[in-house]
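First the structure, in the form of C-alpha coordinates, and then the observations on it.
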Amino acid sequence: MRRDCLRYLVVSLFFLAAQARAGEVIGNTFIGERFGYIELTSVDGKWEIVDREKDANNDMAGPVADFKFKEPISGVKPVTFNALGFRKVDQSITVDFLIKTLRDAWSQQGGEMDSVEAGRISGKKVWITEKRITLKGNHAHGRDILLEGEKAVFVISVVVLAAAYPEAKRLLEELAASAKY
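Now the structure itself:
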(Lines of atoms letter the chains of each structure in order from A and count residues from 1; the text may use other names and numbers.)
(Lines give C-alpha, C1' and ligand atoms only; values in the text may rest on other atoms or scores of the structure.)
Protein backbone atom coordinates (compact mmCIF):
# COMPACT_ATOMS: atom_id res chain seq x y z
CA MET A 1 0.00 0.00 0.00
CA ARG A 2 2.79 2.39 0.92
CA ARG A 3 4.55 1.67 -2.37
CA ASP A 4 1.31 2.32 -4.31
CA CYS A 5 0.85 5.67 -2.54
CA LEU A 6 4.42 6.64 -3.32
CA ARG A 7 3.99 5.62 -6.96
CA TYR A 8 0.76 7.65 -7.18
CA LEU A 9 2.52 10.68 -5.68
CA VAL A 10 5.42 10.44 -8.14
CA VAL A 11 3.09 10.06 -11.14
CA SER A 12 0.94 12.97 -9.92
CA LEU A 13 3.99 15.20 -9.50
CA PHE A 14 5.17 14.25 -12.99
CA PHE A 15 1.84 15.30 -14.53
CA LEU A 16 1.79 18.53 -12.55
CA ALA A 17 5.32 19.34 -13.71
CA ALA A 18 4.40 18.56 -17.31
CA GLN A 19 1.39 20.86 -17.11
CA ALA A 20 3.49 23.63 -15.59
CA ARG A 21 5.77 23.54 -18.62
CA ALA A 22 3.00 24.42 -21.02
CA GLY A 23 2.50 28.05 -21.91
CA GLU A 24 -0.55 30.02 -21.03
CA VAL A 25 -2.77 32.38 -23.02
CA ILE A 26 -4.31 35.08 -20.85
CA GLY A 27 -6.51 37.42 -22.84
CA ASN A 28 -4.32 38.77 -25.65
CA THR A 29 -1.04 37.65 -24.06
CA PHE A 30 0.97 34.45 -24.31
CA ILE A 31 3.25 33.63 -21.38
CA GLY A 32 5.77 30.82 -21.71
CA GLU A 33 8.49 29.51 -19.44
CA ARG A 34 9.49 26.13 -20.83
CA PHE A 35 12.69 27.34 -22.50
CA GLY A 36 13.02 30.61 -20.60
CA TYR A 37 10.55 33.35 -19.78
CA ILE A 38 8.80 35.06 -22.69
CA GLU A 39 5.66 37.13 -22.88
CA LEU A 40 4.16 38.14 -26.23
CA THR A 41 1.07 40.32 -26.54
CA SER A 42 -1.36 40.44 -29.44
CA VAL A 43 -1.84 44.16 -29.98
CA ASP A 44 -5.56 44.98 -30.28
CA GLY A 45 -6.43 41.28 -30.24
CA LYS A 46 -5.46 40.89 -33.91
CA TRP A 47 -4.18 37.35 -33.42
CA GLU A 48 -5.43 33.92 -32.55
CA ILE A 49 -2.77 32.65 -30.14
CA VAL A 50 -1.91 28.94 -29.93
CA ASP A 51 0.29 27.57 -27.12
CA ARG A 52 2.91 25.33 -28.72
CA GLU A 53 5.13 24.77 -25.67
CA LYS A 54 2.96 21.84 -24.67
CA ASP A 55 3.81 20.22 -28.05
CA ALA A 56 7.58 20.37 -27.50
CA ASN A 57 9.15 16.97 -26.91
CA ASN A 58 12.03 18.30 -24.80
CA ASP A 59 12.95 21.21 -22.54
CA MET A 60 15.94 22.38 -24.59
CA ALA A 61 14.40 23.77 -27.78
CA GLY A 62 11.14 23.83 -29.63
CA PRO A 63 8.01 25.71 -30.55
CA VAL A 64 6.72 28.33 -28.13
CA ALA A 65 3.57 29.79 -29.71
CA ASP A 66 1.87 30.45 -33.03
CA PHE A 67 0.17 33.75 -33.72
CA LYS A 68 -2.35 33.41 -36.53
CA PHE A 69 -3.49 36.75 -37.93
CA LYS A 70 -7.29 36.86 -37.90
CA GLU A 71 -7.72 38.86 -41.13
CA PRO A 72 -6.20 38.33 -44.59
CA ILE A 73 -3.03 40.29 -45.32
CA SER A 74 -3.02 41.56 -48.93
CA GLY A 75 -5.48 38.79 -49.77
CA VAL A 76 -3.36 36.08 -48.13
CA LYS A 77 -4.90 33.95 -45.39
CA PRO A 78 -3.94 32.33 -43.12
CA VAL A 79 -0.78 34.13 -42.06
CA THR A 80 0.91 32.54 -39.06
CA PHE A 81 3.82 33.95 -37.11
CA ASN A 82 5.90 31.42 -35.17
CA ALA A 83 7.90 31.76 -31.98
CA LEU A 84 10.63 29.24 -31.12
CA GLY A 85 12.68 28.95 -27.95
CA PHE A 86 16.22 27.68 -27.37
CA ARG A 87 17.37 27.24 -23.77
CA LYS A 88 20.92 28.42 -23.07
CA VAL A 89 22.27 25.37 -21.27
CA ASP A 90 25.90 26.10 -21.99
CA GLN A 91 28.13 28.35 -24.07
CA SER A 92 27.17 26.63 -27.35
CA ILE A 93 23.66 28.11 -27.63
CA THR A 94 24.40 31.58 -28.95
CA VAL A 95 22.76 33.93 -31.41
CA ASP A 96 25.55 33.19 -33.92
CA PHE A 97 25.02 29.42 -33.55
CA LEU A 98 21.26 29.79 -34.10
CA ILE A 99 21.71 32.06 -37.11
CA LYS A 100 24.02 29.49 -38.71
CA THR A 101 21.56 26.70 -37.89
CA LEU A 102 18.61 28.66 -39.31
CA ARG A 103 20.61 29.57 -42.43
CA ASP A 104 21.63 25.93 -43.02
CA ALA A 105 18.05 24.67 -42.57
CA TRP A 106 16.66 27.37 -44.87
CA SER A 107 19.30 26.63 -47.55
CA GLN A 108 18.47 22.91 -47.43
CA GLN A 109 14.90 23.84 -48.35
CA GLY A 110 16.14 25.87 -51.33
CA GLY A 111 15.83 29.30 -49.73
CA GLU A 112 18.18 32.27 -49.54
CA MET A 113 18.91 34.23 -46.38
CA ASP A 114 20.43 37.72 -46.24
CA SER A 115 23.13 38.72 -43.82
CA VAL A 116 22.05 39.37 -40.25
CA GLU A 117 21.67 42.91 -39.00
CA ALA A 118 21.73 43.92 -35.36
CA GLY A 119 19.05 46.42 -34.45
CA ARG A 120 16.79 47.59 -31.65
CA ILE A 121 13.10 47.04 -31.09
CA SER A 122 11.54 48.69 -28.05
CA GLY A 123 15.04 49.57 -26.84
CA LYS A 124 16.23 45.95 -26.80
CA LYS A 125 18.96 44.57 -29.02
CA VAL A 126 17.69 42.13 -31.64
CA TRP A 127 19.10 40.35 -34.68
CA ILE A 128 17.11 40.44 -37.91
CA THR A 129 17.46 38.53 -41.15
CA GLU A 130 15.42 38.52 -44.34
CA LYS A 131 14.86 35.36 -46.36
CA ARG A 132 13.31 34.30 -49.66
CA ILE A 133 12.16 31.08 -51.26
CA THR A 134 10.24 30.01 -54.35
CA LEU A 135 7.95 27.00 -54.04
CA LYS A 136 5.87 25.72 -56.93
CA GLY A 137 6.33 29.05 -58.72
CA ASN A 138 5.18 31.12 -55.74
CA HIS A 139 7.64 33.67 -54.37
CA ALA A 140 7.68 33.99 -50.60
CA HIS A 141 9.56 36.33 -48.30
CA GLY A 142 10.27 35.94 -44.63
CA ARG A 143 11.90 37.53 -41.65
CA ASP A 144 13.42 36.14 -38.48
CA ILE A 145 13.86 38.29 -35.38
CA LEU A 146 16.11 36.83 -32.69
CA LEU A 147 15.62 37.94 -29.09
CA GLU A 148 18.31 37.01 -26.57
CA GLY A 149 17.25 36.69 -22.96
CA GLU A 150 19.25 35.67 -19.93
CA LYS A 151 18.28 31.99 -20.12
CA ALA A 152 17.14 31.56 -23.72
CA VAL A 153 17.23 32.83 -27.28
CA PHE A 154 13.86 33.20 -29.00
CA VAL A 155 13.15 33.40 -32.73
CA ILE A 156 9.98 35.07 -33.94
CA SER A 157 9.43 34.53 -37.65
CA VAL A 158 7.06 34.70 -40.58
CA VAL A 159 7.15 33.49 -44.18
CA VAL A 160 4.41 34.71 -46.54
CA LEU A 161 3.72 35.22 -50.22
CA ALA A 162 5.66 38.23 -51.51
CA ALA A 163 2.53 40.40 -51.91
CA ALA A 164 1.75 40.14 -48.19
CA TYR A 165 5.32 40.60 -46.98
CA PRO A 166 5.48 44.38 -46.36
CA GLU A 167 2.47 44.28 -44.01
CA ALA A 168 3.53 40.96 -42.44
CA LYS A 169 6.97 42.45 -41.75
CA ARG A 170 5.39 45.43 -39.96
CA LEU A 171 3.15 43.14 -37.90
CA LEU A 172 6.09 40.90 -36.98
CA GLU A 173 7.98 43.92 -35.66
CA GLU A 174 4.86 44.96 -33.73
CA LEU A 175 4.70 41.50 -32.14
CA ALA A 176 8.44 41.55 -31.34
CA ALA A 177 8.03 45.00 -29.76
CA SER A 178 5.53 43.50 -27.30
CA ALA A 179 8.02 40.85 -26.14
CA LYS A 180 9.19 40.64 -22.55
CA TYR A 181 11.93 38.10 -22.02
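With this note's numbering applied, the sequence shown covers 1286 to 1466.
Think of the CB as a built atom: it goes at the ideal place given N, C-alpha and C, for glycine as much as any other residue.
Here the structure is a predicted model, which means the values were calculated and not measured.
- Residue pairing for residue 1354: DSSP places it in a beta bridge opposite 1332, 1364.
- Within the same chain, 1334, 1336 come within 7 Å of residue 1310 by CB-CB distance, once the 5 residues on both sides are set aside.
- For residue 1458, the enclosing alpha helix (DSSP H) has its first and last residue at 1450 to 1462.
- The beta carbon of residue 1413 is closer than 6 Å to those of 1402, 1404, 1430 in its chain, skipping five residues each way along the sequence.
- For residue 1392, the enclosing alpha helix (DSSP H) stretches over residues 1380 to 1393.
- When the beta-carbon positions are compared, residue 1320 and residue 1352 stay at least 8 Å from each other.
- Going by beta carbons, residue 1441 and residue 1420 fall outside the 8 Å limit.
- Per DSSP, residue 1442 is one residue of the beta strand (DSSP E) stretching across 1437 to 1446.
- For the pair residue 1444 and residue 1358, the CB atoms are not nearer than the 8 Å cut-off.
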